[in-house]
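The structure appears right after this line, and notes come after that.
Have a look at this one:
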């Protein structure tokens, strides 16, 4: 079991540290549950100056400086919703921060060139036999006995906390209350795109304004997949338009966003996502994206974009959920995110996930006007935490400590053996490019 800190870059992307090679070379990669492969070494020189600063801070892998590196002499192009990477496959040792020993001969890509990518990407979707012809990172963790089960849990943390964690092979019961709801992953053959992803069935959506009068959205029952690699949430146009109207937006602007009054982020309303056995309530301040222009003018948009062909729940949803991705029983175990400390523990069996009890006695309640949350109480002696910090040690430069103007070009993008990921229609591409310029 390994708990790894996730560095949050401007609420747009989340990064984990890997130590690659012998001796170890620290490299940060974007965490992406929507893709399947690991690659490193983005091309920084073609980016804007502020983006180059961030790109150069993530760290680079030099195979010639590793005694355990093996060039497989095999090339591939990974296409993303935004950008791409041309890679050569290598095998080398890889260790997570704090690991007593490294995994050996792990296959990954080393980019020879990339387009619109500000870091490498750690794809932690399905792997061998489903989307890749080799064991991917999650496969290797289990097969090399780094974890007892092929599962991991994700807590991106709130905007105010500014960081998150991923626990490979374990669960942090101080990040939720009650029991986790078990949601079967929709089989690829029955999914919207026919690709093995973390598709789950959503029953409906609604909004609960500060007045408490909940409004349900018709036709909001659909399959969605959970994607930490997407900044925004993609929903059908009709639902996006209704949400925009309910937040007082005049509609999509020329950049593909729904502009809203920034004062709404201070209110205590929520956007609610209902699944079998659990409702995830996303506070207004997490659902609204805020940014400052070049003259210090604040502007705000909803954290959604319309898509008729693809629906996914990105970071604007994921920050409010605690999700365990269980690749052994093909299920997502989910509950409302909260934070009453840090008690990560290994999972001995996937069956244990259905009986775990969260240590937090109450779920997260947003405080109007502050954008912060009231602290829930732990039900045992675990100490309250101010953030979602990791117990893992971290060396090298934290890329989130630099504040460039743009975010990871890997957002909303992933590749699979089936080809180009279809979660990013033209409107999203335009919207994301503008968003990156605003942050």
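In UniProt numbering, the protein residues as written are 1 to 439.
C-beta atoms are modelled at their ideal positions from N, C-alpha and C, and glycine is treated no differently.
Pair within 9 Å by beta-carbon distance, residue i and residue j
i: residue 60; j: residue 17; result: no
i: residue 135; j: residue 5; result: no
i: residue 232; j: residue 304; result: yes
i: residue 38; j: residue 162; result: no
i: residue 272; j: residue 285; result: no
i: residue 263; j: residue 315; result: no
i: residue 102; j: residue 22; result: yes
i: residue 1; j: residue 167; result: yes
i: residue 146; j: residue 169; result: yes
i: residue 356; j: residue 179; result: yes
i: residue 313; j: residue 226; result: yes
i: residue 320; j: residue 158; result: yes
i: residue 467; j: residue 79; result: Shown here, the chain extends from 1 to 439; a query on residue 467 therefore has no answer.
i: residue 324; j: residue 153; result: yes
Contact belief for residue i with residue j at Cβ below 8 Å, rounded distance in angstroms
i: residue 114; j: residue 83; result: 7 Å
i: residue 197; j: residue 358; result: Between residue 358 and residue 197 the Cβ distance is about 26 Å, and since that is not below 8 Å, they are no contact.
i: residue 150; j: residue 3; result: Between residue 3 and residue 150 the Cβ distance is about 17 Å, and since that is not below 8 Å, they are no contact.
i: residue 148; j: residue 348; result: 6 Å
i: residue 94; j: residue 19; result: 7 Å
i: residue 236; j: residue 131; result: Not quite, the Cβ-Cβ distance comes to about 26 Å (not below 8 Å), so this is no contact.
i: residue 32; j: residue 228; result: 6 Å
i: residue 189; j: residue 195; result: Going by Cβ atoms, the distance from residue 189 to residue 195 rounds to 10 Å, so no, they are not a contact pair.
According to DSSP, residues forming a beta bridge with residue i
i: residue 358; result: 178
i: residue 340; result: Bridge partners of residue 340: none, in fact.
i: residue 242; result: Answer is none; residue 242 lacks a bridge partner.
i: residue 200; result: 224
i: residue 298; result: 292
i: residue 260; result: In the DSSP output, where bridge partners are listed per residue, residue 260 has none listed.
i: residue 109; result: 39 and 89
i: residue 279; result: 274
i: residue 4; result: 166
i: residue 9; result: 13
i: residue 217; result: 205
i: residue 304; result: 233
Residues near residue i by beta carbon distance below 8 Å, same chain, minus five either side
i: residue 275; result: 181, 183, 200, 201, 202, 203 and 334
i: residue 217; result: 204, 205, 206, 207, 239, 242 and 243
i: residue 210; result: 267, 268, 269 and 368
i: residue 221; result: 201, 202, 203 and 204
i: residue 46; result: 115
Any chain B beta carbon closer than 9 Å to residue i
i: residue 292; result: Any reference to chain B falls outside this structure, which holds one protein chain only.
7 Å Cβ shell around residue i - same chain, five flanking residues per side excluded
i: residue 155; result: 164, 165, 172, 175, 322, 337 and 388
i: residue 260; result: 247, 248, 249, 288, 300, 301 and 302
i: residue 370; result: Confidence at residue 370 is low in this model, with a pLDDT of 42, below 50, so its placement is unreliable and the value that follows should be read with caution. Nothing listed; no residue qualifies.
i: residue 191; result: 197, 199 and 223
i: residue 127; result: 36, 135, 136, 138 and 139
i: residue 331; result: 182, 183, 184 and 185
i: residue 41; result: 60, 61, 110, 111 and 120
i: residue 350; result: 149, 151, 326, 328 and 329
i: residue 298; result: 262, 290 and 292
i: residue 383; result: Bear in mind that the predicted position of residue 383 carries a pLDDT of just 29, short of 50, making it too unreliable to give a figure here.
Close-in-space but distant-in-sequence residues of the same chain around residue i (CB under 6 Å, 5 per side omitted)
i: residue 86; result: 77, 112 and 113
i: residue 277; result: 181
i: residue 105; result: 91
i: residue 44; result: 52, 55 and 56
i: residue 245; result: none
i: residue 141; result: 147 and 168
i: residue 279; result: 272
i: residue 416; result: Per-residue confidence for residue 416 stands at a pLDDT of 32, beneath the threshold of 50, marking its modelled position as unreliable; the derived number appears in the next sentence. Hits under 6 Å: 36, 131 and 195.
Every unbroken alpha helix (DSSP H) inside the region 307-335 [4 residues or more]
For the region 307-335, whole alpha helix (DSSP H) runs of length 4 or above, ordered along the chain, are 315-318.
Could you tell me which whole beta strand (DSSP E) segments of length 3 or greater appear in the region 20-107?
25-32, 38-40, 70-79 and 84-95
Entirely within the region 112-187 and at least 3 residues each: give me those beta strand (DSSP E) ranges in chain order.
120-123, 151-155, 163-168, 170-172, 177-179 and 181-184, all fully within the region 112-187.
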